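Below is one structure; the comments refer to it alone.
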Amino acid sequence: MSHLPRGPQGRLLTTYQFIARPYEFLHRCAATYGGVFNVPMYNRDVVMAGSPASVQDVMTAPPETFVAYSTQSIGLLLGSHSLLMLSGERHRRERKLLTPPFHGDRMRAYAAAMAEIAARRFAEAARAPRAVAQEVAQAISLDVILRAVFGVEEPARMRAFARAVVAMGDAVTPAMAFLPFLQREFGGFGPYARFRRRVADLEALMREQIERARAAPGDDILSLLVSARYDDGSAMSEQAIFDELRTLLFAGHETTAIALAWALDHVHRDPGVLARLQGEIDALGPDPDPERLAALPYLDAVCKEALRIYPVATEVPRLVAQPFRLGEHELQPGTGVAPCVLLVHHLPELYPEPSRFRPERFLERKFSPFEYLPFGGGARRCIGAAFALFEMKIVLGTALSAWQVRLLDERAPRPVRRNVTFGPSGGVPLALRARARGAHRAAA
Ligand code: HEM
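Now the structure itself:
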């Protein structure tokens, strides 16, 4: 039995290729070495699990086999209490507290707010001759998180939060996220010092919001966290609440916006897909009920296909904490192992013509959690998965019901790295025109 599978050589070169051009790099490695290969990164070996069987090995291993990956860089960006930092019992305990608000009736309670926010933001975007889908979607997903998670409702306060969040996000550079040794303040200068100042601005707003939630709890997630108790009856510390709120912002707002921007682009590059989707949405009549939108099968398939073809996270790494058997390889503690979302989503035996946007594949067959994993899996699966898909369907459905979209860039966008996520190059520029009300009646 071997310890590490074969893979490319040269730590600095592979680190550079992985950060700069991961799509090309991962596909090239898979073509040369097969579905499971080792990538020597600057600080450790990371084994890519790019086949459903190897993904299954990772996702079904006992949770204590792994600990969170890259805690050093995450800790400095999101704080030491962040769910993304935690492992073992603390991770399980924190997930139990954070997960319920993103599911079931609690999630559905946000449907009307999602539709109202989408309608308002698209109407604003339509006033300009040119809008950028990624920016419109990001404004929507941020408003949704501020409303659902932070309980912010007043427009002026929404704007203050939005400014602070965008400034914090813009202050993160890819190098800072991947190379923790750059996370130093250098006497108050440099990118990391700037980032810390943006965090302090946001925390000041959060502190006020926590006071408000204590004084008058609402239906938002912050109010739940303020009053939540662990099994032993203790409450979350203020710092833990800050770190988790920042984690939810970081993990939940840009990701959803990127997925929406891709979906808008794909749908409008294929007249057949657009006609089928538009017909399904229009059959609900004008101003469709958001919960009925979220139940539409083709709209669901469109959103899933957008997340398949260009996954927002190309892989979901863990750090091996106990000797772990991956197929014929025995991985030692300290090695990274990463179910590779991108490679699995492009296996032609699962997804024929993998580069083609074809939502029908999700109506024709079901995929196992080891074959389709845009939200990762196992003990660390995204806690916002159901919420994000729900939001995507409501936003896309609300937009297509009211607006005719024209893409302004003839060339399809490429996936480019933002920080740890990937978005469409150029952000998908578009122009919007109001649709005639009669269109819905005809379909209905
Ligand atoms: C389309 C949108 C989204 C995508 C593609 C996405 C994707 C992911 C992925 C790939 C992971 C890592 C899973 C793993 O390691 O197995 C993750 C984790 C996470 N996501 Fe999401 N996510 C999205 C939206 C959201 C939203 C809306 C929230 C909440 C507001 C959220 C909160 C989280 C959290 C807290 C984690 C960490 C879970 C843990 O470590 O236990 N995500 N997400």
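Throughout the sequence shown, residue numbering follows numbering that gives the first Met the number 0, covering 0 to 443 in sequence.
From the three backbone atoms N, C-alpha and C, an ideal C-beta is built for every residue, glycine too.
Since the structure is predicted, the reported quantities are computational estimates derived from the model, not experimental observations.
Residue burial classification, residue i (beta-carbon count within 10 angstroms, cutoff 16)
{"i": "threonine 313", "result": "buried"}
{"i": "valine 415", "result": "exposed"}
{"i": "glycine 426", "result": "buried"}
{"i": "alanine 108", "result": "exposed"}
{"i": "threonine 334", "result": "buried"}
{"i": "glycine 232", "result": "exposed"}
{"i": "glutamine 133", "result": "buried"}
{"i": "glutamate 202", "result": "buried"}
{"i": "tyrosine 68", "result": "buried"}
{"i": "glycine 376", "result": "buried"}
{"i": "tyrosine 15", "result": "exposed"}
{"i": "alanine 91", "result": "Looking at the sequence itself, residue 91 is arginine, so the reference to alanine does not match. Exposed."}
{"i": "alanine 199", "result": "exposed"}
{"i": "arginine 129", "result": "exposed"}
{"i": "serine 400", "result": "buried"}
Near the ligand HEM: residue i beta-carbon under 6 Å from a heavy atom
{"i": "proline 216", "result": "no"}
{"i": "alanine 258", "result": "yes"}
{"i": "leucine 83", "result": "yes"}
{"i": "isoleucine 240", "result": "no"}
{"i": "phenylalanine 386", "result": "yes"}
{"i": "alanine 337", "result": "no"}
{"i": "threonine 70", "result": "no"}
{"i": "isoleucine 382", "result": "yes"}
{"i": "alanine 161", "result": "no"}
{"i": "valine 151", "result": "no"}
{"i": "glycine 376", "result": "yes"}
{"i": "arginine 379", "result": "yes"}
{"i": "glycine 87", "result": "no"}
{"i": "alanine 262", "result": "no"}
{"i": "threonine 255", "result": "yes"}
Under 7 Å between C-beta atoms of residue i and residue j
{"i": "alanine 388", "j": "cysteine 302", "result": "Here residue 388 turns out to be leucine, not alanine, going by the sequence shown. Going by C-beta atoms, leucine 388 is nearer than 7 Å to cysteine 302."}
{"i": "methionine 84", "j": "threonine 70", "result": "yes"}
{"i": "phenylalanine 386", "j": "phenylalanine 101", "result": "yes"}
{"i": "threonine 397", "j": "valine 311", "result": "no"}
{"i": "valine 148", "j": "leucine 247", "result": "yes"}
{"i": "alanine 48", "j": "cysteine 339", "result": "yes"}
{"i": "histidine 267", "j": "valine 143", "result": "no"}
{"i": "valine 319", "j": "leucine 330", "result": "yes"}
{"i": "proline 61", "j": "aspartate 264", "result": "no"}
{"i": "valine 66", "j": "serine 86", "result": "yes"}
{"i": "tyrosine 297", "j": "leucine 276", "result": "yes"}
{"i": "glutamine 55", "j": "phenylalanine 374", "result": "no"}
{"i": "histidine 2", "j": "serine 140", "result": "no"}
{"i": "tyrosine 32", "j": "glycine 6", "result": "yes"}
{"i": "alanine 212", "j": "phenylalanine 194", "result": "no"}
{"i": "leucine 341", "j": "leucine 25", "result": "yes"}
Three-state class that DSSP yields for residue i in the structure shown
{"i": "histidine 328", "result": "strand"}
{"i": "leucine 295", "result": "coil"}
{"i": "aspartate 281", "result": "helix"}
{"i": "glutamine 137", "result": "helix"}
{"i": "glutamine 208", "result": "helix"}
{"i": "valine 311", "result": "coil"}
{"i": "glycine 335", "result": "strand"}
{"i": "aspartate 104", "result": "helix"}
{"i": "methionine 157", "result": "helix"}
{"i": "alanine 170", "result": "coil"}
{"i": "valine 38", "result": "strand"}
{"i": "leucine 318", "result": "strand"}
{"i": "glutamate 416", "result": "Going by the sequence as given, residue 416 is arginine instead of glutamate. If DSSP states are grouped into helix, strand and coil, arginine 416 belongs with the strands."}
{"i": "arginine 5", "result": "coil"}
{"i": "methionine 235", "result": "coil"}
{"i": "phenylalanine 366", "result": "coil"}
{"i": "methionine 47", "result": "strand"}
{"i": "glycine 78", "result": "coil"}
{"i": "glycine 383", "result": "coil"}
{"i": "phenylalanine 249", "result": "helix"}
{"i": "alanine 130", "result": "strand"}
{"i": "proline 61", "result": "coil"}
{"i": "alanine 215", "result": "coil"}
{"i": "proline 99", "result": "helix"}
{"i": "glycine 422", "result": "strand"}
{"i": "phenylalanine 121", "result": "helix"}
{"i": "leucine 407", "result": "coil"}
{"i": "proline 428", "result": "strand"}
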